[in-house]
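For what it's worth, the numbering used here labels the leading residue of the sequence shown as 38, then goes sequentially. C-beta: ideal position from N, C-alpha, C; glycine also. Only one structure is covered here, and it is reproduced in the block below.
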Amino acid sequence: MAFRIRPSKRFTHEFISVGRSQLEKAVAALSDQPDGPHAAIHAARKRFKRLRALYRVVSPDAKEFRACENARIRDIARSLSAVRDATALVETVDYLATLAASAEEFTALSQASRTLMERRDRIADSEVDLPQKIARAIESCGEAIAALERLDIQDSRNHTARRLGKVWTKQQRKAQLALMHCRSNHEAEAFHALRKRGQVYWMHLSLMRDLWPSAMTAKRNEAKLLVDLLGHEHDLSVLTQTVNEDPEGFGTSDTLALLIAAIITRQQALREEALERAQFVFRDDPVTEGKIIEMLWSEAS
């Protein structure tokens with residue numbers, strides 16, 4: 038089933054069907070592993086992010102369910118994250134190398150790439166229990182499906198419309214607060230929070246795209262561009278933290294200086310572009326947008 042909730046169907050049935058589909062796709066990726074275990078983990082983690090966004094839409098009426106299942110999915114993803122996160126750092130440095138301002142900077146970035154590849158390989162070699170972790174993750178997904186299928190919430194047209202409007206308003210307020218924090222303190226954590234708000238918005242727009250396909254698709258595309266920008270920014274923040282934890286591993290002081298300069302230059306550019314785009318993506322009044330979602334659901338259902 039596609040990642041969308043059809044207003045013409047009973048909400049609870051649609052919600053459970055979408056959640057089950059995401060969990061089954063995660064299980065299939067982890068079980069089949071057509072491109073190896075690490076690619077399978079990456080694919081499964083994408084499904085887990087969608088699930089956590091999905092569970093937000095029932096939070097007002099299913100707080101305990103959302104808290105328990107959100108924690109379950111978060112823990113599954115964390116248990117599988119080590120090698121994928123290490124691989125992402127290699128990809129980030131390689132991406133920076135394509136933007137190198139000089140031959141010296143390219144050399145420094147190439148050395149950093151080799152260092153990070155060695156680090157990734159050490160982490161992979163140390164994960165001798167990865168098959169067991171994957172097996173436990175598959176088992177946990179089965180438990181999540183069982184919990185999902187027991188969900189029973191009030192889903193009359195009017196009640197569902199009010200709940201969706203309430204959730205939408207709350208998420209938009211969080212997004213605008215995160216944007217304000219980014220403008221005021223420029224800390225990595227603030228931009229990470231804005232990225233999470235952007236991801237939730239993009240996924241909720243996907244879920245509700247049948248309410249107003251043209252408008253939702255346009256907004257979803259805008260949000261996806263923002264999320265991609267902030268994803269690159271976050272990768273650079275993680276890279277900075279990794280370099281700071283072991284600066285000697287990245288070469289001489291001159292090489293390290295070139296690496297840090299490349300990170301800072303690109304990160305500043307990404308932040309400026311992301312702030313400008315976020316101002317556009319989250320430009321609408323949260324209460325007004327929530328009321329529009331409420332009205333659209335009432336009409337479409």
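In terms of Cβ geometry, Thr277 and Gln305 do not form a close pair [threshold 9 Å]. The residue from Ala134, Arg87, Tyr132 and Asp166 with its alpha-carbon nearest to that of Val120 is Asp166. Shortest Cα-Cα distance from Cys105 to any of Glu180, Phe228, Thr135 and Val280 involves Glu180. DSSP places Ile53 inside the alpha helix (DSSP H), whose first and last residues are Phe48 to Asp69. One thing to note: Ser243 has its Cβ no nearer than 9 Å to the Cβ of Phe48. For Trp205, the enclosing alpha helix (DSSP H) stretches over residues Arg194 to Asn222. At a Cβ-Cβ threshold of 9 Å, Arg157 and Pro323 do not count as neighbours.
For Ser116, the closest C-alpha among the options Ala315, Ile175 and Arg159 is that of Ile175.
Within the stretch 116-150, the complete alpha helix (DSSP H) segments of 4 residues or longer fall at 119-134, listed in chain order. For the 9 Å CB-CB criterion, Val94 and His241 form a contact.
With a threshold of 16 other beta carbon atoms within 10 Å, His50 falls short and is exposed.
In the structure shown, the three-state DSSP call for Ser177 is helix. Look at Glu164 here: in three-state DSSP terms it is coil, with no helix or strand label. For Leu296, the closest alpha carbon among the candidates Leu136, Asp192 and Glu224 is that of Leu136. Per DSSP, reduced to three states, the secondary structure at Ala99 is coil, with no helix or strand assignment.
Where Met245 is concerned, there is no enclosing alpha helix (DSSP H), because DSSP gives it neither an H nor an E. For the pair Leu263 and Ala145, the CB atoms are not nearer than the 9 Å cut-off.
Around Phe317, the same chain offers no residue with a beta carbon nearer than 6 Å, after the five sequence neighbours per side are excluded. In the DSSP assignment, Gly327 falls within the unbroken alpha helix (DSSP H) covering Pro323 to Ala337. Restricting attention to Leu60, Glu61 and Ala77, the CA atom closest to the CA of Leu67 is found in Ala77. Taking a contact to require three or more Cβ pairs closer than 8 Å, the stretch 249-258 and the stretch 213-225 do not qualify as touching. Secondary structure note for Val318: its alpha helix (DSSP H) is the uninterrupted segment Ser290 to Val318. Residues Arg57 and Leu60 of the same chain have their beta carbon placed closer than 6 Å to that of Ile182, with the five preceding and five following residues left out of the count.
Apart from the 5 residues on each side of it in sequence, Ala260 sits with its Cβ closer than 7 Å to the Cβ of Gly235, Tyr238, Trp239, Leu242 and Val318 in its chain, given in chain order.
The beta carbon of Thr124 sits closer than 7 Å to those of His75 and Arg157, all from its chain and outside the five residues before and after it, given in chain order. Around the beta carbon of Met332, fewer than 16 other beta carbons sit within 10 angstroms, so the residue counts as exposed. CA-to-CA, the gap between Arg43 and Arg308 works out to about 36 Å.
At the C-beta level, Lys62 and Arg84 come within 9 Å of one another.
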